[in-house]
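No gaps in the numbering here: position 149 of the sequence shown is 149 in the UniProt record's numbering, and each next residue is one more.
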Amino acid sequence: MLRRSARVLRTLEEACVRARAAPSTAIPNLPACASSSPSPSHRGAPPSGTFEPAAVDASFASGPLMFHARHHRGESLLGGDFNAETITVTFVDKDGEEEVVEAQVGKNLLEIAHMNDIELEGACEGSLACSTCHVIIEEEDQFDLLEELMEPTDDENDMLDLAFGLTETSRLGCQVVCCHEIDGLRVRIPSATRNMAVDGFVPKPH
1 MLRRSARVLR
11 TLEEACVRAR
21 AAPSTAIPNL
31 PACASSSPSP
41 SHRGAPPSGT
51 FEPAAVDASF
61 ASGPLMFHAR
71 HHRGESLLGG
81 DFNAETITVT
91 FVDKDGEEEV
101 VEAQVGKNLL
111 EIAHMNDIEL
121 EGACEGSLAC
131 STCHVIIEEE
141 DQFDLLEELM
151 EPTDDENDML
161 DLAFGLTETS
171 RLGCQVVCCH
181 EIDGLRVRIP
191 SATRNMAVDG
201 FVPKPH
């Protein structure tokens, strides 16, 4: 009985020796569990492994827009001047149809018409070499104000003498520059134009 116990004890000791001598089996690295408390080096940050959406600045979301840009019809949004001051100008075509536009201060009526796809010729491109941008100021008091603000030059008067359908309140659109004083201006576009260089005195319908 004692010998059997001794053999069992020796067998156990040998097994322990073999176990200590055998190389340990490598355990694969497992992903670290998300920490339930913030890292000391990132106090105030959300715990690792969690997602927290960025806070939205309420003052930005609910506040007024920083700027408001008016987009003129026929004008590129990128090409327009967002900070330009505007006045109101009404164009009346040969059929009596009216179009009210916002005209940028500092631009002339010919430019404003083209920016808004209004049919007003400008054969000489504003160089005072034709009368194709001839317009008629509808109200006499507005015409008188224009005369005070920007009196027509001799060159403009010379070109107006060639204009088709000349009236007492006629001006060349390229010579009328928009300003605050003429806000609400109404201009009529004649039913035809005359360009000596191009048309040979033959009225050209719009």
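Ideal Cβ positions, reconstructed from N, Cα and C, are used throughout, including at glycine.
In this text the structure is predicted, and so the values were computed from the model without any measurement.
Look at the beta carbons and you see the region 157-164 not touching the region 104-120: under three pairs across the two are nearer than 8 Å.
Looking from the CA of residue 139, the closest CA among 94, 160, 169, 189 belongs to 169. By a beta-carbon distance limit of 8 Å, residue 122 contacts residue 174. Their separation comes to about 6 Å. The C-alpha of residue 150 lies about 16 Å from the C-alpha of residue 134. Taking the CA atoms as reference points, residue 114 sits about 25 Å from residue 144. Buried is the label assigned to residue 187, since at least 16 other Cβ atoms lie within 10 Å of its Cβ.
Comparing C-alpha distances from residue 180 to each of 92, 137, 85 shows the shortest one belongs to 85. Judged by DSSP secondary structure, residue 91 falls within the beta strand (DSSP E) whose first and last residues are 86-92.
Take residue 142, set aside five residues on each side of it, and the residues of its chain with a beta-carbon closer than 6 Å to its own are 185, in chain order. Residue 108 carries a strand assignment under DSSP once its states are collapsed to helix, strand and coil. Residue pairing by DSSP places residue 103 opposite 87 in a beta bridge. Taking every protein chain shown into account, the CB of residue 83 has fewer than 16 other CB atoms within 10 angstroms, so this residue is exposed. Beyond the five residues adjoining it in sequence on each side, residue 136 comes within less than 7 Å, by CB distance, of 167, 169, 170, 187, 188, 190 in the same chain, given in chain order.
Collapsing the DSSP output to three states places residue 149 in a helix. Only residues of its own chain outside the window of five on either side were considered, and among them 90, 92 have a CB closer than 6 Å to the CB of residue 98, listed in chain order. In the DSSP assignment, residue 160 falls within the unbroken alpha helix (DSSP H) covering 154-160.
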